Structure formats: C-alpha cells, structure tokens
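Here's the structure, in structure tokens; my notes come after.
There are 2 protein chains.
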Amino acid sequence: MGGIPPLTRYDAQQLLLQIPSWQLSDEAHDIRRRFEFRDFAEAMSFVEKIGELAEREGHHPDICFGWGYAEILLYSHKIDGLHENDFIMAAKAEQLITA
Amino acid sequence: MGGIPPLTRYDAQQLLLQIPSWQLSDEAHDIRRRFEFRDFAEAMSFVEKIGELAEREGHHPDICFGWGYAEILLYSHKIDGLHENDFIMAAKAEQLITA
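Here the protein sequences line up with chains P and A, keeping their order.
For the first sequence, counting from 1, position 38 maps to 37 in numbering that gives the first Met the number 0; every step adds exactly one.
For the second sequence, counting from 1, position 37 maps to 36 in numbering that gives the first Met the number 0; every step adds exactly one.
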C-alpha cells in the first residue's frame, strides 16, 4: 500500500455515498463517525467489537469513547490519507451496529 | 457529588504529587495521561481493563486509543471539574499498567 497515492477528494466522495453516516475531513485525509449508546457498557462493548474487527482486517482505526458514545476515525497511516480499505472498514463497522 | 465544588487548582496540584505521570489541564478541569504500547492489541487489552475498572468504580473516563497508545482523560461530569475520585481512578489505572 506504501507506494500508491491516497484517494482524491472526488474518489473519496464517491465511496462515501455507500456510507452516508460518515464524515469526510476537509482535506479528505480521513473519515469519521460518532456512534451514540445508552451508557458506558454499551459503548465499551461496541469498541471491543471494533477492536476484534481491526485485528481481523489488519487495519486499525483511532477510537475515542466514553459514557454513551464512541467515535471512530479511519485513514491509512502508510499513505497518510484515505485508501479503499478505510471505506471497507467503515462499512463493516456499520454492520456491527446493525447486527 | 453534585452539590460540592470542583477541586481548586492548588488542591489538584497537591493530589497530582501522588500520580506524577499525569497532566493537569490549564484550568484544572481534568487530568490526563498517555500510555504507550507495542501494538494495537496491547493498547486494546489495557483499554478493556480500564473499562472494567470504570464499571466497578462507577466512574467513567474518556478514552482515546489506537495502534500503540491509549490516552485516559478523567474529570467528574456532575461537577464539571476534578474530584478526589478522579485521582483515585488515575492511581488505580497506574496499578493496571504495572501489574
């Protein structure tokens, strides 16, 4: 993945149509979404599932969470920008919440 | 806890002497520490332990983590500032890392 350029803003916006709940950063550097939960335990449980998914996919988001919320930030560190894999991870995170 | 005022900056600084790896925010609103790890799995494992501690203590930090790091932010939401309990949680988090 190291040698390829990050996705352009245009390409990222096209892929974002598949995951409309996610936000693209101004510089098209990353995508993020905030998820809401009833309490800390529910947020923690979701974060654990994201962690398992990350290890399975070999692709690791940055995660901030606490009572009632979790924020997932995705980009590809090797290219310091967005890769199609980030959108695949985001779609899989969506499946975790609706499962 | 709702009726009492948050700790003053002076009192927070005194308590901070017990947990010198933690940083006090400028307005003495919260304390935080960044922990470093070898990879994502180690950071996740620490975060899970913090989550269990938080549920046990009934006191919930905000946590940001990813590959090789976890940041713990502590303050008492009811008083929107620091309470002695935040320093107790921080000390217990320290014990998790040295255990």
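All C-beta atoms in this analysis are idealised placements derived from N, C-alpha and C, irrespective of residue type, glycine included.
Since the structure is predicted, the reported quantities are computational estimates derived from the model, not experimental observations.
At a Cβ threshold of 7 Å, is residue i touching chain P?
i        : result
His28(A) : no
His59(A) : yes
Ile18(A) : no
Ile71(A) : no
State the Cα-Cα distance for the pair residue i and residue j, rounded to the nearest angstrom.
i        : j        : result
Tyr9(P)  : Gln22(P) : 14 Å
Thr7(P)  : Phe86(A) : 46 Å
His76(A) : Arg32(A) : 18 Å
Lys91(A) : Ile49(A) : 9 Å
Glu56(P) : Asn84(P) : 9 Å
Glu54(P) : Asp25(A) : 37 Å
Met43(P) : Val46(A) : 9 Å
Pro4(P)  : His82(A) : 48 Å
Leu52(A) : Gln12(P) : 41 Å
Under a CB-based cut-off of 7 Å, is residue i close to chain A?
i        : result
Phe39(P) : yes
Trp66(P) : yes
Gly2(P)  : no
Ile78(P) : no
Where does residue i land, buried or exposed, given buried means 16+ other C-beta within 10 angstroms?
i        : result
Asp29(P) : buried
Ile62(A) : buried
(request) Check each residue of the stretch 42–53 of chain P: if its Cβ is closer than 8 Å to any Cβ of chain A, include it; give the result in chain order. (result) Of all residues in the stretch 42–53 of chain P, Met43, Val46, Glu47, Gly50, Ala53 have a Cβ within less than 8 Å of some Cβ in chain A.
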